[in-house]
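Remarks on the structure that follows.
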Amino acid sequence: MAEIVRNDEVLRLLDELTTMTGRENPYSRYARLRQISPIVRAADDALVVTGYADCQTVVRDPRFAHMPPDMLAFIGFPDWRDHPALHQLFTSILTLNPPDHTRLRRLVGSAFTARRVQALRPAIERMVAELLDDLAGQGPVDFVDRFAFPLPVAVIGELLGVPAEDRAQFQTLVRDWTQVLEVITPEVLERADPAAATIREYLAGLLQRRRREPADDLLTALAQAQAADDRLSDDEVLSNAALLFAAGFETTTNLLANGVVALAAHPGQKPLLGADPERAVEEFLRYDSPVQLSSRVVMEPVELAGVAIEPGERVVAYLGAGNHDPARFDAPHELRLDRADNAPLSFGGGIHYCLGAPLARLEAQIALPALVARFPALAVAGPPQRRDSLSLKGFTALPVYTGC
123 MAEIVRNDEV
133 LRLLDELTTM
143 TGRENPYSRY
153 ARLRQISPIV
163 RAADDALVVT
173 GYADCQTVVR
183 DPRFAHMPPD
193 MLAFIGFPDW
203 RDHPALHQLF
213 TSILTLNPPD
223 HTRLRRLVGS
233 AFTARRVQAL
243 RPAIERMVAE
253 LLDDLAGQGP
263 VDFVDRFAFP
273 LPVAVIGELL
283 GVPAEDRAQF
293 QTLVRDWTQV
303 LEVITPEVLE
313 RADPAAATIR
323 EYLAGLLQRR
333 RREPADDLLT
343 ALAQAQAADD
353 RLSDDEVLSN
363 AALLFAAGFE
373 TTTNLLANGV
383 VALAAHPGQK
393 PLLGADPERA
403 VEEFLRYDSP
413 VQLSSRVVME
423 PVELAGVAIE
433 PGERVVAYLG
443 AGNHDPARFD
453 APHELRLDRA
463 DNAPLSFGGG
473 IHYCLGAPLA
483 RLEAQIALPA
493 LVARFPALAV
503 AGPPQRRDSL
513 SLKGFTALPV
523 YTGC
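For the numbering used here, count along the sequence shown from 1 and bump the result up by 122.
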């Protein structure tokens, strides 16, 4: 029978994970936490799990729900609806629970279909080729700035219907807004609120334009779904459009940059990338997950890691730790692009499984093999700049040599 442990070592390890040093290589700390106990208690009283099976339970079992927005009052924000950053996040499918989540997921999902995603393949291939052409024949270049950000933001912009000339502004805006995923403080909201308001204002204008001038894009599809079902409000359309646009490039940017760094450290794996891109991308997702954790609140009595957990407890599932659990993966510290029976937790699970996961996978399956085929000598050219985030793992800058 496991027991919930909170001691000085646990608190030190969890604190280190909030630092840039800890984020550089969290996996040794995850392993030590797992050795201490499969379930530990953090300084803020949250329960933390690091095993694959336990993390999978947290993201799949409906007894673990996202924090209801009304609970924001208990952490000092009874006026959360007056904060654009919180309102936009907590009225989206990312954080809503059934029945609202069920209704919105169905409506948004009906516009975000597999057919619509697969129809983007020729456009993605064209964008990748153009970006690779721009990288050729140059010295060290910033891979994030020149490839890992512009590709997914162009793809999600194409899907959603955001004109090409308007897309670049959203990188900073989205990162300022999504700071509220990490921690909610007045200082964070000072940056997040104006960013969220700007995103919303822009999308509101674009939504009105699409109603007048329909196009073959996701925003038009959402507007048409709204017209067909009066339960989808303007507020819900805008919150979920903002979420889809933000999530559409944040995770993929991290996946691409993390993949390049992983390949640089394991050059012998490069030939396997082109042999089976789908399997390779699953391993990149497992090896260095773009999303490292997911939080839930216990809604009903449940057993987790052999411990009875009562309603009201907050649980943090370290997905990156679960992806490195030796009980689930053989030699998890090794990058094996031909790894079989791979099922990373990186896109979550259950009713909140990432809606954009197929698009992120498709982009990486096209982009990474093309990158290595075009630049077989691709190498990291200097120290990368890691993004300051606990839940999202990636880089803000990554200098690379293309080798030609």
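Cβ coordinates follow ideal geometry from the N, Cα and C atoms, glycine included.
Note that the coordinates shown come from a computational prediction; the quantities given were computed from them, not determined experimentally.
query	result
Residue 406 lies in the beta strand (DSSP E); which residues open and close that run?	Premise fails: residue 406 lies in the alpha helix (DSSP H), 399-409, not in any beta strand (DSSP E).
Helix, strand or coil: which one does DSSP assign to residue 413?	strand
With residue 180 as the anchor, note down where its alpha helix (DSSP H) starts and where it stops.	174-182
Beta-carbon within less than 8 Å of residue 325's beta-carbon, same chain only, minus the 5 sequence neighbours each way: which residues are those?	341, 360, 363, 364 and 367
Tell me whether the stretch 184-191 and the stretch 138-154 touch, counting them as touching only if at least three CB pairs, one residue from each stretch, are closer than 8 Å.	no
Helix, strand or coil for residue 196, going by three-state DSSP, please let me know.	helix
For residue 299 versus residue 276, is the C-beta spacing smaller than 7 Å?	no
Within this structure, are the beta carbons of residue 171 and residue 462 separated by less than 7 Å?	no
Should residue 207 and residue 124 be called a contact, given that it needs their Cβ atoms to be closer than 7 Å?	no
Whose C-beta lies closer than 6 Å to the C-beta of residue 478 among residues of the same chain, with five residues either side of it excluded?	369 and 370
On a Cα-Cα basis, can you pick out the residue from 420, 442 and 443 that is closest to residue 121?	Beyond the ends of the chain as shown, which are 123 and 526, falls residue 121; an answer cannot be given.
Who are the Cβ neighbours of residue 518 in its own chain at under 7 Å, not counting the five residues just before and after it?	266, 507 and 509
In terms of residue numbering, what span does the beta strand (DSSP E) encompassing residue 436 cover?	436-439
Where in the stretch 267-352 do unbroken runs of the alpha helix (DSSP H), each at least 4 residues long, occur, reported from the N-terminal end onward?	272-282, 292-299, 308-334 and 340-350
Any idea which residues DSSP pairs residue 521 with across the strands?	264
So what's residue 514 in DSSP terms, helix, strand or just coil?	strand
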